[in-house]
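Novice: Sharing a structure here in structure tokens format.
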Amino acid sequence: QEEVNLGEQLDYTITGMEPGSGIAENSRQALEAYDNLEGWEIHESSTAGMLASLDQAIMRDEPIVITGWTPHFVFETYDLKFLEDPQNIFGDAEDIHTMARLGLKEDMPEAYAILENFNWTVEDMQAVMVDALQVDFEQASENWIADNRSKVDSWIEGVDDVEGESFELVSSPWDTEHASSHVISMVLEEKGYDVSITNVDPAILFQALANGETDATVAVWLPTTQGFFVDEYEGELDDLGVNLSGTQVGYVVPEYVDIDSIEDLPA
Ligand code: PBE
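Dropping the structure here:
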């Protein structure tokens, strides 16, 4: 009885986000993979719209299912839980990779070396994101670099300075990516690069990188979240490896929603 109510209360709808995000694609796959989700829909909009709906639902004590990821401040603001995903559509803990356009290694070996060395932790990234709630990401990155000088030094050790070469970093419009892109951009600038950051949906990000329209990104969530994008451009991207480990994505509900698994969502 209660389960029937839950489906109706949710209008058989997952509250989603930008259609060009990795999570949006995973969410569409989940709808197909889980028999109980036949007839469900995803309301795709924007991250801001999704978070506004979450806030409203929590104020009204109503159920809601959103597409979520960690690290993210919503997990500090509200009591939330990931729904178990027995079919493993969203994957387990994931990594964020650094990728470059083909040829960057030859064209800009100094930047390439720094990008290859770039590696930090969820706690590091979170520190920048928390600080950026008070100041902007530029200032937050500057603060983090000042507090973590030896880590930053280990990324640039032995790398020569350059003379104002332009460097184009492509990123996507989420706080996790604002944090990593601003930090690495500041480090590249310290070594003499003139860095610009462009924020686009992942769908566009991979296209730009594969076409060589941009130099690099530190924003690739793998193996699952953005894995299908990477497959699409096989052989056209240079994967420099993991820069952070331990992210997670999936369907998320407030703690008070009395289910644990995607399979508990009523058909
Ligand atoms: N995200 C944050 C992005 C990547 C970074 C998980 C929302 C996505 O592609 O879904």
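For the sequence shown, UniProt numbering begins at 16 and goes up steadily by one.
Yeah, the Cβ is synthetic: ideal placement off N, Cα and C, and Gly gets one too.
#1: Please report the distance separating the alpha-carbon of A234 from that of N103.
#2: Buried or exposed: where does A108 fall if 16 or more other Cβ atoms within 10 Å of its Cβ makes it buried?
#3: In terms of residues, what are the limits of the alpha helix (DSSP H) holding S200?
#4: Hey, quick one: how far does the alpha helix (DSSP H) through T92 stretch, first residue to last?
#5: Quick one: give me the first and last residue of the beta strand (DSSP E) that W236 is part of.
#6: Is the beta carbon of E192 within less than 7 Å of some heavy atom of ligand 1?
#7: With respect to the beta strand (DSSP E) encompassing G227, which residues constitute its N-terminal and C-terminal limits?
#8: Any heavy atom of ligand 1 closer than 7 Å to the Cβ of W236?
#9: Is the region 223-231 touching the region 177-191, taking contact as three or more C-beta pairs under 8 Å?
#10: Taking just the CA atoms, how far does G265 sit from I38?
#11: Going by DSSP in three states, I274 sits in which element: helix, strand or coil?
#12: Taking 7 Å as the line, does the beta carbon of G64 fall inside it for any heavy atom of ligand 1?
#13: Could you check the C-alpha separation between D162 and P269 for me, to the nearest Å?
#14: Can you tell which of I29, F243, Y27, D209 has the C-alpha that lies nearest to the C-alpha of M123?
#15: Name the residue from E47, T85, P34, N51 whose alpha carbon lies nearest to the alpha carbon of S61.
#16: Which partner residues of Q263 appear in the DSSP bridge assignment?
#17: Do S36 and ligand 1 come close, with the Cβ less than 7 Å from some heavy atom?
Specialist: Taking the structure as given:
#1: Taking the first residue of the sequence shown as 1, we reach residue 234 at position 219. Taking the first residue of the sequence shown as 1, we reach residue 103 at position 88. Looking at the two C-alpha atoms, the distance is approximately 22 Å.
#2: By one-based count along the sequence shown, residue 108 stands at place 93. Classified as exposed, A108 has fewer than 16 neighbouring CB atoms from the shown chains inside 10 Å of its CB.
#3: On the sequence shown, residue 200 is found 185 positions in, with the first residue counted as 1. 190-205 is the extent of the alpha helix (DSSP H) around S200.
#4: Taking the first residue of the sequence shown as position 1, residue 92 is located at position 77. Its alpha helix (DSSP H) spans residues 89-92.
#5: The sequence position of residue 236 within the sequence shown is 221, counting from 1. 231-237 is the extent of the beta strand (DSSP E) around W236.
#6: Counting from 1 along the sequence shown, the entry for residue 192 is found at position 177. The answer is yes for E192.
#7: Within the sequence shown, residue 227 is the residue found at index 212, counting from 1. It is not in any beta strand (DSSP E) - G227 carries neither H nor E in the DSSP assignment.
#8: For the purposes of this step, residue 236 is taken as the residue at position 221 of the sequence shown. Checking the Cβ of W236 against ligand 1 gives yes.
#9: yes
#10: Here residue 38 refers to the residue found at position 23 of the sequence shown. Here residue 265 refers to the residue found at position 250 of the sequence shown. Computed Cα separation, rounded: 7 Å.
#11: Reading the sequence shown from its first residue, position 259 is the one you call residue 274. Coil at I274, not helix or strand.
#12: What you label residue 64 is simply residue 49 of the sequence shown in a count that begins at 1. No, Cβ of G64 sits at least 7 Å from all heavy atoms of ligand 1.
#13: Against the sequence shown, residue 162 aligns to sequence position 147. Against the sequence shown, residue 269 aligns to sequence position 254. When rounded, the distance between both Cα atoms is 35 Å.
#14: Your numbering for residue 123 matches position 108 in the sequence shown. Checked all of I29, F243, Y27, D209; the closest Cα to M123 is D209.
#15: Here the question's residue 61 lines up with position 46 in the sequence shown. It is P34.
#16: Position 248 of the sequence shown, counted from the first residue, corresponds to residue 263. Answer is T85.
#17: Counting from one through the sequence shown, the residue named residue 36 turns up at place 21. S36: yes, Cβ under 7 Å from ligand 1.
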